[in-house]
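This report concerns only the one structure given below.
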Amino acid sequence: MLFGRKFRLRTDHKPLVAIFGSKKGIKVQTASRLQRWALILTNYDFNIEFVSTDKMGMADSLSRLIKKNNDTEDKVIAIVEEFNETDSGPPREISLVEETVKEVLHVMLEEIPIDSSRVKVETGKDQVLNEVMKNISKDWPRKVDNSELKFGQREDKIYK
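First residue of the sequence shown? That's -11 in the numbering used here, and the numbers climb one at a time after it.
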C-alpha cells in the first residue's frame, strides 16, 4: 500500500520523531525492540513529524477495529498521508483519512485468513522467492541479484 511513494508520517508521540526521524539510524545501545522497528522502517521512504494531539483528531480508529490484540510489543498509531513537498499547512481532512483507513482495513480483513498452503503455492510461482529458498538451503553465493539482497539481510527471519 505504501510502496514506491514518499509519505509523511504524523504522530503525537514526540519521542518517536527523535528516534525514527534521523536518517543516520539509531544507536547500537538502543533496545532491541526499537532496533527491529527501525529495520522494518528502512523499507519505506517517509518523513516523520510531530503533530499535537488536539490537531491529530481521532487517531485510535485502527485499534478500535481490531477485536483481539495478542501482540506483546507496543503499538503506535499515527496518521499517514501522501507526502507533498509544497504542502506545509495543517493536516488535510482528518475524517477523510480516517474513513479511508477504515475502508482499506475492511477490505484487507475480508481477504483474511490466508493459509500456509496458499502461501506455499504462490511462493512456488515466484522466481525470486524460489531462488531465495535455494540460497537459504545452501550457502548464499558471493554474488546475488539485487532483488534477492533484501532477503539475504533477513535470512534469520525466513524459514523453509
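Even for Gly, the Cβ is constructed at its ideal location relative to N, Cα and C.
Treat the numbers as computed from the prediction; the structure is a model and nothing was measured.
Other residues of its chain near F34: CB distance less than 6 Å, five sequence neighbours each side excluded: Here residue 34 corresponds to residue number 46 of the sequence shown, with the count starting at 1. If we look at F34 and ignore the five residues flanking it on each side, its Cβ neighbours are F(-5), L(-3).
Three-state secondary structure assigned by DSSP to I36: In the sequence shown, counting from the first residue as 1, residue 36 sits at position 48. Strand.
N-terminal and C-terminal residue of the alpha helix (DSSP H) that T30 is part of: On the sequence shown, residue 30 is found 42 positions in, with the first residue counted as 1. Going by DSSP, T30 is part of no alpha helix (DSSP H) at all; its letter is neither H nor E.
Collapsed DSSP secondary structure at T(-1) in the structure displayed: For the purposes of this step, residue -1 is taken as the residue at position 11 of the sequence shown. Here T(-1) sits in strand by DSSP.
Separation of R(-7) from G9, as counted between CA atoms: To locate residue 9, count along the sequence shown from 1; it is residue 21. To locate residue -7, count along the sequence shown from 1; it is residue 5. Each residue's alpha carbon lies about 17 Å from the other.
Extent of the continuous alpha helix (DSSP H) run through S10: Here residue 10 is taken as the residue at index 22 of the sequence shown, counted from 1. Neither: S10 is in no alpha helix (DSSP H) and is coded neither H nor E.
Buried versus exposed call for R130 [16 or more other C-beta atoms within 10 Å across all chains shown]: Taking the sequence shown and counting its residues from 1, the one referred to as residue 130 is at position 142. Exposed, because fewer than 16 other Cβ atoms sit within 10 Å of the Cβ of R130.
DSSP three-state assignment for T18, whether helix, strand or coil: As a position in the sequence shown, residue 18 is number 30, starting the count at 1. Coil at T18, not helix or strand.
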